[in-house]
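Numbering (my numbering), first residue to last: 2 to 358.
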């Protein structure tokens with residue numbers, strides 16, 4: 002490896018480590034304050050809230066990765082400017098475009114590491130975080146999951162437990178259902194079988210229900226059942242997909258398809274992960290070009306502030322398209338790739354005469 006490549010790589014990772022430490026510390030403190038507020042009326046050990054804050058922090062770092070790379074690139078060039086090393090490289094024949102190419106390669110490889118290995122561990126930590134916190138939640142007694150065998154719901158109401166299995170979801174109806182009702186000691190009270198249940202409200206309407214009690218069964222044209230679930234709640238089964246790694250996301254996607262459940266949110270999450278290395282490269286490239294174009298500004302604070310301003314714009318642009326995608330106003334591919342194309346176009350325009358800067 003050439004000396005200048007080793008130097009630039011080391012400088013970039015030192016800048017990245019510095020930014021990561023600061024960001025992780027801020028995220029950890031914010032998480033800890035949030036946990037203190039959450040457990041305000043619950044007696045819990047301080048170590049437990051600290052542990053929860055630690056578990057939840059890596060997932061937030063993944064979400065912030067594009068902006069961490071933007072700030073890292075800025076800090077990288079600030080150090081080059083302050084030590085006048087950029088001019089030294091220029092006199093040695095190393096062009097700005099060559100430095101940018103090195104940063105692009107580093108960003109891409111780091112992006113692959115982030116979207117695979119780092120995300121794998123952060124999603125597992127997030128999953129453990131949710132499991133540990135669930136018993137203290139008002140919704141801890143409720144459970145809804147999707148498996149290869151369809152939709153499974155566990156619900157507790159009036160000291161009774163309901164276990165519901167459905168093969169399909171069709172609009173506001175659950176199709177091919179079997180419900181078992183237990184008492185507080187988990188003795189079976191009755192079983193209910195029905196091909197169609199209206200779940201638009203928490204008072205479910207069960208059509209053509211066969212109700213089995215002990216050794217007898219009765220048939221009802223319409224049978225009502227009170228639950229804590231309605232269609233809206235069922236549709237928010239996995240509101241936090243960050244707790245699933247890439248393999249689990251693909252498995253969940255297949256299960257959703259079998260259930261006839263919307264896969265929009267899962268597809269968005271998968272595409273966001275797969276395109277993360279490209280996003281990091283574009284953010285690094287944008288930040289690098291921006292710093293080379295504003296290096297005449299004497300104030301480092303102003304340079305960093307300018308980068309943060311653009312990062313906020315990019316964040317809201319991304320969020321706007323993700324909302325359009327999740328609400329099916331546009332396709333999932335457009336929701337993910339249009340912001341990347343816009344950022345690529347801006348970078349292309351700014352690259353003009355970059356070696357003269």
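Virtual Cβ for every residue (Gly too), placed ideally from N, Cα, C.
Three-state secondary structure assigned by DSSP to residue i
i           : result
residue 20  : helix
residue 108 : helix
residue 151 : strand
residue 258 : helix
residue 342 : helix
residue 40  : coil
residue 281 : helix
residue 181 : strand
residue 331 : coil
residue 276 : coil
residue 15  : helix
Outcome for residue i when other beta-carbon atoms lying within 10 angstroms are tallied against a minimum of 16
i           : result
residue 268 : buried
residue 313 : exposed
residue 274 : buried
residue 83  : exposed
residue 115 : buried
residue 304 : buried
residue 262 : buried
residue 189 : exposed
Test item: CB-CB of residue i and residue j under 9 Å
i           : j           : result
residue 23  : residue 308 : no
residue 163 : residue 180 : yes
residue 107 : residue 174 : no
residue 52  : residue 169 : no
residue 221 : residue 191 : no
residue 25  : residue 74  : no
residue 178 : residue 193 : yes
residue 243 : residue 98  : no
residue 287 : residue 339 : no
residue 79  : residue 351 : no
residue 69  : residue 110 : no
residue 207 : residue 226 : yes
residue 211 : residue 195 : yes
residue 103 : residue 9   : yes
residue 131 : residue 241 : yes
Contacts around residue i, its chain only, beta-carbon distance under 6 Å, and the 5 residues preceding and following it disregarded
i           : result
residue 344 : 283
residue 185 : 160
residue 271 : 250
residue 318 : 340
residue 63  : 120 and 123
Contacts around residue i, its chain only, beta-carbon distance under 7 Å, and the 5 residues preceding and following it disregarded
i           : result
residue 336 : 269, 322, 323, 325 and 326
residue 112 : 277, 278, 281 and 282
residue 61  : 28
residue 204 : 225 and 227
Nonlocal neighbours in the same chain, by C-beta distance under 8 Å from residue i, ignoring five residues either side
i          : result
residue 38 : none
Worksheet entry | Whole runs of the alpha helix (DSSP H) within the region 184 to 260, excluding any shorter than 4 residues | Inside the region 184 to 260, DSSP marks whole alpha helix (DSSP H) runs of 4 or more residues at positions 232 to 235 and 247 to 260, from first to last along the chain.
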